[in-house]
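As structure tokens, the structure follows; a few thoughts come after it.
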Amino acid sequence: MAGPTKYRFTFGPWNISTGSDPFGPPVRKEVAFAAKIREYKKLGFDGVQFHDDDVVPADLGPIETMKGVAKVKKLLDGEGLFCEFIAPRLWEHPKTIDGAYTSNSAAERKYAIERSKRAVDIANALGCRDIVLWLAREGTYIREAKCPITAVGRIVDAVNALLEHDAHIRILGEMKPNEPMDQAYCPTVGHFMSLVYRTADPQRVGVLIESAHSILAGLDPSDDMAFALWHGKLWSVHLNDQNGLKYDQDKTFASVDLRRAFNTVWVLERGGYDGCIGLDVKAMRTTRQADQTRHLANSKRLFEHLLDVVRRVDAAKVETFRAQRDYEGLELYILETLLGK
Ligand SMILES: [Mn+2]
């Protein structure tokens, strides 16, 4: 199995940022939404990933919401872009400070589900069928705060509510072990996968895997992706890089560990992955305004370079090394191929 000869590249408007972090204010000017959208094609990208409130502010009424969505659809069509997915942003609103689907408050759980259904409606209006759920605050700040058993069921109930709201949409879980919470109820791809098969329509539930999230869980992103590919459930990726088990850094793809990135591309290409290549990367705080999209262009370029390397690897040679259990030889062969030797 090989991947498509041409991959489709996507990112989200949040990937062109002001450079603020928890320790310092913005260092670059905010770029207008329409101006961000005009950057995509220039950078060689094909589609846009959105939070629901990237498209229209949260909590607008249904008529205002659809009016706003129509404007964005026109903008995308004008640029020849598609919308890859909508992700309800359930971690910023005052009603989601103690979790969304797993909040102890019934009213807040209801808000989270209603808002997610609205995200489905936005997706439909943009001609997109994928909903990404990053379960950001579905966990605890202290272990005793919530019932962890009840919480798992509430996550499945929320997914079911969305599947029932629309017969065609697909739900993609994006797992992360921690941050903003100390501990997430569904910390890894494997955890979410075990819930997929307990939902009302497992055919329509899969995953988006972010490299940094797997690394933060102490796992190898390419193995996580392989696991989901075996299940036929790797429907999107957020490629980036991450230096150790620290905060979520969203570094340029392949910038920390070239070999790990090589393995990621290898698995996607050899596993016949046909979803989009989403690059969820952040510019450095030191980056000047004029260079604020370079991390995106660079990540795409590094993916493409690694794709060339992957395609240069002689599969027969790899099989021979494996058959002879000559892993010293295989390692040298891979490293020299990576070094262009
Ligand atoms: Mn991240």
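Sequential numbering of the sequence shown, starting at -11, is according to this note's numbering. Don't be surprised by glycine CBs; every beta carbon is placed ideally from N, CA and C.
Check the DSSP bridge columns for residue 9 and list the partner residues they point to.
As a working mapping, residue 9 is identified with position 21 in the sequence shown. DSSP lists 12 as partners of residue 9.
The alpha helix (DSSP H) spanning residue 285 covers which residue range?
Numbered from 1 along the sequence shown, position 297 holds the residue referred to as residue 285. Segment 282 to 300, the alpha helix (DSSP H) holding residue 285.
The alpha helix (DSSP H) with residue 211 in it runs from where to where?
Your numbering for residue 211 matches position 223 in the sequence shown. Here the alpha helix (DSSP H) through residue 211 covers 209 to 218.
Between residue 234 and residue 32, is the Cβ-Cβ spacing less than 8 Å?
Start at 1 with the first residue of the sequence shown, and residue 234 comes out as number 246. Start at 1 with the first residue of the sequence shown, and residue 32 comes out as number 44. Not in contact: residue 234 and residue 32 (Cβ atoms no closer than 8 Å).
Hey, residue 223 and residue 158 are a contact pair by Cβ (cut 8 Å); roughly how many whole angstroms apart?
Within the sequence shown, numbered from 1, the residue matching residue 223 stands at position 235. Within the sequence shown, numbered from 1, the residue matching residue 158 stands at position 170. Between residue 158 and residue 223 the Cβ distance is about 7 Å, and since that is below 8 Å, they are a contact.
Span separating the alpha-carbon of residue 267 from that of residue 228
Counted from its first residue, the sequence shown places residue 267 at position 279. Counted from its first residue, the sequence shown places residue 228 at position 240. Answer to the nearest angstrom: the Cα atoms are 6 Å apart.
Going by CA-CA distance only, name the one from 122, 280, -6 that's closest to residue 14.
The residue labelled residue 14 in the question sits at position 26 within the sequence shown. Taking only the C-alpha atoms, the option nearest residue 14 is 280.
Quick check: the Cα distance between residue 187 and residue 193, rounded to an integer number of angstroms?
For the purposes of this step, residue 187 is taken as residue 199 along the sequence shown, with counting starting at 1. For the purposes of this step, residue 193 is taken as residue 205 along the sequence shown, with counting starting at 1. Rounded to the nearest angstrom, the two C-alpha atoms are 8 Å apart.
On the DSSP letters alone, give me the boundaries of the beta strand (DSSP E) that residue 79 sits inside.
Start at 1 with the first residue of the sequence shown, and residue 79 comes out as number 91. Here residue 79 belongs to no beta strand (DSSP E), and DSSP marks it neither H nor E.
Buried or exposed for residue 250, going by 16 or more other Cβ atoms inside 10 Å?
As a first step, residue 250 must be located in the sequence shown, where it is residue number 262. So residue 250 ends up on the buried side.
Residues near residue 295 by beta carbon distance below 7 Å, same chain, minus five either side
In the sequence shown, residue 295 corresponds to position 307, counting from 1. Taken in chain order, the residues that qualify are 253, 257.
Look at the alpha carbon of residue 151 and the alpha carbon of residue 133, and state the distance between them as a whole number of angstroms.
For this step, residue 151 is matched to residue 163 along the sequence shown. For this step, residue 133 is matched to residue 145 along the sequence shown. So the two alpha carbons sit approximately 29 Å from each other.
Is the distance from the Cβ of residue 98 to the Cβ of residue 67 below 8 Å?
The residue given as residue 98 occupies position 110 in the sequence shown. The residue given as residue 67 occupies position 79 in the sequence shown. For residue 98 and residue 67, no; Cβs fall outside 8 Å.
Which whole-angstrom value describes the C-beta separation of residue 163 and residue 177, a residue pair presumed to lie in contact below a C-beta threshold of 8 Å?
Start at 1 with the first residue of the sequence shown, and residue 163 comes out as number 175. Start at 1 with the first residue of the sequence shown, and residue 177 comes out as number 189. With 8 Å as the limit, residue 163 and residue 177 qualify as a contact, their Cβ atoms being about 5 Å apart.
Rounded separation between residue 275 and residue 141 - CA only:
The residue given as residue 275 occupies position 287 in the sequence shown. The residue given as residue 141 occupies position 153 in the sequence shown. Going from the Cα of residue 275 to the Cα of residue 141 covers about 44 Å.
Where residue 269 sits in the DSSP three-state scheme
Walking along the sequence shown from the start, residue 269 turns up at place 281. Residue 269 falls in the coil class under three-state DSSP.
Who are the near neighbours of residue 246 in its chain, counting only those whose CB is closer than 7 Å to its CB and skipping five residues on each side?
Against the sequence shown, residue 246 aligns to sequence position 258. Closer than 7 Å at Cβ, skipping near neighbours: 326.
Taking the alpha carbon of residue 237 as the point to measure from, which residue in 16, 262, 200 has its own alpha carbon closest?
Here residue 237 corresponds to residue number 249 of the sequence shown, with the count starting at 1. When 16, 262, 200 are compared, the shortest CA-CA separation from residue 237 is found for 200.
May I have a chain-ordered list of the alpha helix (DSSP H) segments no shorter than 4 residues that lie completely inside the segment 104 to 164?
136 to 153
Expected contact under 8 Å - CB spacing of residue 392 and residue 17 to nearest Å:
No answer is possible for residue 392: the residues shown for the chain start at -11 and end at 329.
Please report the Cβ distance between residue 173 and residue 127, rounded to the nearest whole angstrom; I am assuming they are in contact, meaning their Cβ atoms lie under 8 Å.
Counted from its first residue, the sequence shown places residue 173 at position 185. Counted from its first residue, the sequence shown places residue 127 at position 139. Contact holds; Cβ gap of about 5 Å.
For residue 27, I'd like the list of residues in its chain whose CB is within less than 6 Å of its CB, leaving aside the five on either flank, ordered along the chain.
Stepping through the sequence shown from its first residue, residue 27 is reached at position 39. Excluding residues within five positions, the ones whose Cβ falls inside 6 Å are 281.
Going by DSSP, which residues form a beta bridge with residue 314?
The sequence position of residue 314 within the sequence shown is 326, counting from 1. Answer by DSSP bridge pairing: none, since residue 314 is not bridged.
Near ligand 1: residue 200 beta-carbon under 7 Å from a heavy atom:
For this step, residue 200 is matched to residue 212 along the sequence shown. Yes, Cβ of residue 200 sits closer than 7 Å to a heavy atom of ligand 1.
Are the beta-carbon atoms belonging to residue 168 and residue 124 less than 8 Å from one another?
Numbered from its first residue, the sequence shown carries residue 168 at position 180. Numbered from its first residue, the sequence shown carries residue 124 at position 136. Going by C-beta atoms, residue 168 is nearer than 8 Å to residue 124.
Where residue 19 sits in the DSSP three-state scheme
Here the question's residue 19 lines up with position 31 in the sequence shown. Per DSSP, reduced to three states, the secondary structure at residue 19 is coil, with no helix or strand assignment.
Excluding sequence positions up to five away, which residues of its chain have a Cβ less than 8 Å from the Cβ of residue 79?
Along the sequence shown, one-based indexing puts residue 79 at 91. Excluding residues within five positions, the ones whose Cβ falls inside 8 Å are 88, 122, 124, 125, 168.
Beta-carbon within less than 7 Å of residue 317's beta-carbon, same chain only, minus the 5 sequence neighbours each way: which residues are those?
By one-based count along the sequence shown, residue 317 stands at place 329. Closer than 7 Å at the Cβ level, and outside the excluded window around residue 317, lie 309.
Cα separation between residue 304 and residue 220?
Reading the sequence shown from its first residue, position 316 is the one you call residue 304. Reading the sequence shown from its first residue, position 232 is the one you call residue 220. Distance between the alpha carbons of residue 304 and residue 220 is about 26 Å.
Looking only at its chain, what residues have a beta carbon closer than 6 Å to the beta carbon of residue 154, apart from the 5 residues adjacent to it on each side?
Translated into the one-based positions of the sequence shown, residue 154 becomes position 166. If we look at residue 154 and ignore the five residues flanking it on each side, its Cβ neighbours are 108.
Cβ neighbour criterion (16 or more within 10 Å) applied to residue 270
The count along the sequence shown starts at 1 and reaches residue 270 at position 282. Classification of residue 270: buried, given that the 10 Å Cβ count is 16 or more.
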